[in-house]
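What follows is a single structure, written as structure tokens, with notes after it.
Protein chains in written order, with full-length UniProt numbering: chain C, 1 to 647; chain F, 1 to 647.
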């Protein structure tokens, strides 16, 4: 992977930078830390708040979604019904010698990748170690053995499909390719549920939610009422979800506790799931990797306009397509490198148990392509199972514009005569008549015409069946008018993992000065940067203090986060330190400032400076932070400042 | 309790309103709900986001705190060390007949309040039923029995101190006053731990955090480094915490999962915990109920300037006092009724195990005075116990401005001679010398002078003691210069429960139209209201649509949440419905608008309207929402519109 200026990306440098500046840290470090749990320090916490706010603006507010804040603690019954108790699992292999529990797909992946690397070394090709986390390397060492061409191809195809295998298939791969944990054979893959369980006071067993979706679905009836019974509409939720990985790795990319943003768009399953604003975005092109390409063992991405993708059936429907485009626009807004974004369709056996179609927005990082947003068509799965279980009306009742005329066979028992005749059996017989299918009714109407009576099976009565004469029953074709339509909505769900997006953003924003590779920069968009302006007095001379304080208060009044760095190192060092925090702008207070109240304004990415009056500088800051001007604009209209950055 | 216009507050009306408008709902309602878990619907979720943003602005940004986002999942060891495993408990009484578990303090409170109400009825006084939740009433019925004057006074004193009793004391009260659960005797109070427990994959037992504080403390060393080793500073965190109530009641006021905002301000314990900005706020008056007043069984509140309260020792120090004032200012900003806010000091036995002093900001609701913010001086408790347990350096090392000259007894072993003489015992002997206290050294120096040798206990060597002659050891008074000072900071912690603040805000904002008690209004500040502007076309006439859409898009561009209500009910009904959602402003699009592009702007609280051009109306909205103008200002400068609200 390369940085935006085409140099090789260096993960170790980024990791050292974010560690030094406390972007994130292992949680509970004095206690040795806990795998898969991280604390966000002030810089990343600030970025997270800005990204979430942007998300709210881009999705929730613009599309007038109903935002909910639901309980994380979720009773057992809810997640039993949703299928998570039985199917939210990973496949685990136990190493019986060491007692280690290993994710079966990770084990296969590690070993095959190591063999492929060994093959490359044997062939004298370059091995891209950057692509793999340090931990993997330790587990499965490259053996420097050349592989048969056929076998090499087979390994590559397995790796391309690695997310799509079930437990049995993984077991077969492990046997066939003699995959081991080091030198140890492993036991066949078994299910391991990924939810954290706990107990609610006196109210029984519960889990920490694996997604925010279920609680949103259970509020569907209230939401529909709030929306004055109009379809379609969406609910949304931002909150933490949990996944009890047995032994997580890959830093921020695979954690046990994570912030999600989930949108549930409720749509009518009839009429092709059209979206009212699809027209506006139909020409936007996306980089797509569809199911068929992957099933063929390939990873070639095609650029396709979403309108064409939906028309050609590559993307199932307009609503799904609309969100894919909106996701791409969101990624652009927060500063994700658009050349490192692709949309990958899930393969059939890779999809979650509730999904009918699913596209992941994946971002390219030094760990490979990472799923950051899942965009699934959950069909009517969840609403249906909850309705069936609880009887709650999780459906839409709408008045038909045109009443529906249904021609059908109607079967009517004459109650006045049947009642006295059948006495206690009457109810069961009536129920049996009501339960007759259209086909049965048609057949029985012929019997009735031909023989003047019919024989009806009624298992509930002692005789087992009953004869009904013409006088007792009427069966005839008639037209019924249906004014109301009832249906269970389908759900299109874009689901965002903010932690993964933030990590990718760190990698995409990272580069080093062309003239000094030791100087790291994080080029965040001004709207996303945790601090917008660095205030730097030239030295510790106290004459600068009132000016620094005044600028600080004025920026604060303008709602712009500023930070003062009055430490005793050189101005150049202070700027460089804050380039590594991603602070886009800097204002220097120098002796000239004391004389004429002018200040210099510095741009992080170009390190160029301009000099102007306080009012002009503040206005330029405001324009830059709110993205009403670019640095080039500011540079064009304000006088340049050519003073050296003293090192 | 009364509403802001002096009428009796009606909780049932508010509850019906918030239910109808989906402010909050029991979580997982189709499954019967779970006690103590609530989902926030769109209106309350929007208010919460606004209040949290205001909190970030008011505290985190203004005071440049380090905001952290830490793990909710917390390993056992951390909370064992912090004392929560042993002391984060409630006292429970079991009813052996029904198997019910009851909070001991609630039981005492319920029964004594019922008896006092019975006494009032017997005396023919009015019983304020509004003050108590419906559920309490059911449990302990008023008996209509007149109490002895002495006994009545004793009951009132117990209730004033109810939060301050431990398990033993509650047990004694239950025995002495024959307190029962209905007709059943209860067993003596026992401890019940309030944390949710779970297991972290292969990493062992854990809890859901009961507070965000512990993870913040464990980051202290990194934070201090980020702050370039300067003191004082603060960290802050917004996130969910958990409390496994056995059987919660009182709606949003007593929940199992809640959003907290916690600030940890790290201060030097020496020099009186002064605050650099105390001077700015020292004249602000607070309504205070101190410890002594309560211990005397009274509840009289005094208005005292914070400067005087600190000077008189009512509030322990400036930093604590500074935050009390900042809390009051925050409450004012979000619209809490200032006449329903008081600061109550914890009594000695009521404080959490870590606290040295604590003041609660309490808000008056129909449930009584509710603790919404706790402001505690946690002393050095937490940092000390974690440092002791883990060895992490959770302390400050600072260079003394004036080096400290310490006169002390120094004892020095002559290593060159001692080494060959004592061989393998040498190290133990040297350690024993180093471990000598100042008193011992002084005494031994006299021995050495008198007898030319000393006898030193060294339990680690086989002989158990050793003789050291003058040639081997020197003991003398000397001056040591200490350039560095080491100390463990104290922590002042304002801790906010957002759910309780939001509920109180609902009660404080609620009133009904003077001319129509059926019309409910929620008078939120514009900055807090979930929707700022209601857009109302006069009728379903499609000629209004382009104008409504244009206004909607323009408001959206200005960052102002607008909502269109084009339902077919009258304009009056639509306004009234949105008064109950707390929407402060309304714009009507009528036939005049089509002709001349003027619109009416309506104020929720007065129902008055003005009419002006689109630009003027949008500018007025912007000013009102950002609180740069009041409605009175707008009304004074724009022409009034006298059209009736058609009902």
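Here a beta-carbon is modelled for each residue, glycine too, at the ideal position from N, C-alpha and C.
Under the three-state DSSP convention, the category residue i falls into
| i | result |
| --- | --- |
| residue 145 of chain F | coil |
| residue 485 of chain F | strand |
| residue 358 of chain C | strand |
| residue 153 of chain C | helix |
| residue 64 of chain C | coil |
| residue 136 of chain F | Because residue 136 of chain F carries a pLDDT of 45, less than 50, the predicted location of this residue cannot be relied on, and the following value inherits that uncertainty. Residue state, collapsed to three classes: helix. |
| residue 622 of chain F | helix |
Selection from the options that minimises the alpha carbon distance to residue i
| i | options | result |
| --- | --- | --- |
| residue 412 of chain C | C:366, C:380, C:476 | C:476 |
| residue 552 of chain C | C:562, C:543, C:426 | C:562 |
| residue 89 of chain F | F:193, F:113, F:30, F:188 | F:193 |
| residue 62 of chain C | F:565, F:636, F:555, F:576 | F:555 |
| residue 19 of chain C | C:410, C:252, C:618 | C:252 |
| residue 254 of chain C | C:265, C:263, C:242 | C:242 |
| residue 184 of chain F | F:167, F:98, F:244, F:313 | F:98 |
| residue 659 of chain F | F:364, F:224, F:393, F:432 | What the structure shows of chain F is the stretch from 1 to 647, and residue 659 of chain F is not part of that stretch, so it cannot be assessed. |
| residue 323 of chain C | C:302, C:312, C:277 | C:277 |
| residue 339 of chain F | F:286, F:314, F:387, F:352 | F:286 |
Short CB-CB distance (under 8 angstroms) between residue i and chain C
| i | result |
| --- | --- |
| residue 360 of chain F | no |
| residue 628 of chain F | no |
| residue 61 of chain F | yes |
| residue 226 of chain F | yes |
| residue 229 of chain F | no |
| residue 256 of chain F | yes |
| residue 190 of chain F | no |
Whole-angstrom distance between residue j and residue i, CA atom to CA atom
| i | j | result |
| --- | --- | --- |
| residue 130 of chain F | residue 214 of chain F | Model confidence at residue 130 of chain F stands at a pLDDT of 43, short of 50, so the residue's coordinates are unreliable and nothing is read from them. |
| residue 377 of chain C | residue 318 of chain F | 57 angstroms |
| residue 491 of chain C | residue 239 of chain C | 19 angstroms |
| residue 164 of chain C | residue 350 of chain C | 4 angstroms |
| residue 196 of chain C | residue 579 of chain C | 40 angstroms |
| residue 48 of chain C | residue 498 of chain C | 8 angstroms |
| residue 369 of chain F | residue 305 of chain F | 22 angstroms |
| residue 431 of chain F | residue 570 of chain C | 46 angstroms |
| residue 217 of chain C | residue 373 of chain C | 20 angstroms |
| residue 408 of chain F | residue 357 of chain F | 36 angstroms |
| residue 118 of chain F | residue 146 of chain F | 7 angstroms |
Element boundaries [beta strand (DSSP E), containing residue i]
| i | result |
| --- | --- |
| residue 386 of chain F | Segment 381-390 is the alpha helix (DSSP H) holding residue 386 of chain F; no beta strand (DSSP E) there. |
| residue 193 of chain F | 190-193 |
| residue 166 of chain F | Here residue 166 of chain F belongs to no beta strand (DSSP E), and DSSP marks it neither H nor E. |
| residue 263 of chain C | 257-267 |
| residue 497 of chain C | 490-497 |
8 angstroms Cβ cutoff, residue i in contact with chain F
| i | result |
| --- | --- |
| residue 16 of chain C | no |
| residue 35 of chain C | yes |
| residue 322 of chain C | no |
| residue 390 of chain C | yes |
| residue 289 of chain C | no |
| residue 86 of chain C | no |
Endpoints, the alpha helix (DSSP H) within which residue i is located
| i | result |
| --- | --- |
| residue 299 of chain F | No alpha helix (DSSP H) holds residue 299 of chain F; DSSP gives it neither H nor E. |
| residue 289 of chain F | Taken as a continuous stretch (DSSP letters only), residue 289 of chain F belongs to no alpha helix (DSSP H), being part of the beta strand (DSSP E) at 285-289. |
| residue 115 of chain F | 104-122 |
| residue 434 of chain C | 426-434 |
| residue 45 of chain C | 42-55 |
| residue 322 of chain C | 318-334 |
Chain D within 8 angstroms of residue i, Cβ atoms only
| i | result |
| --- | --- |
| residue 48 of chain C | Considering every chain present, this structure includes no chain D. Its protein chains are C and F. |
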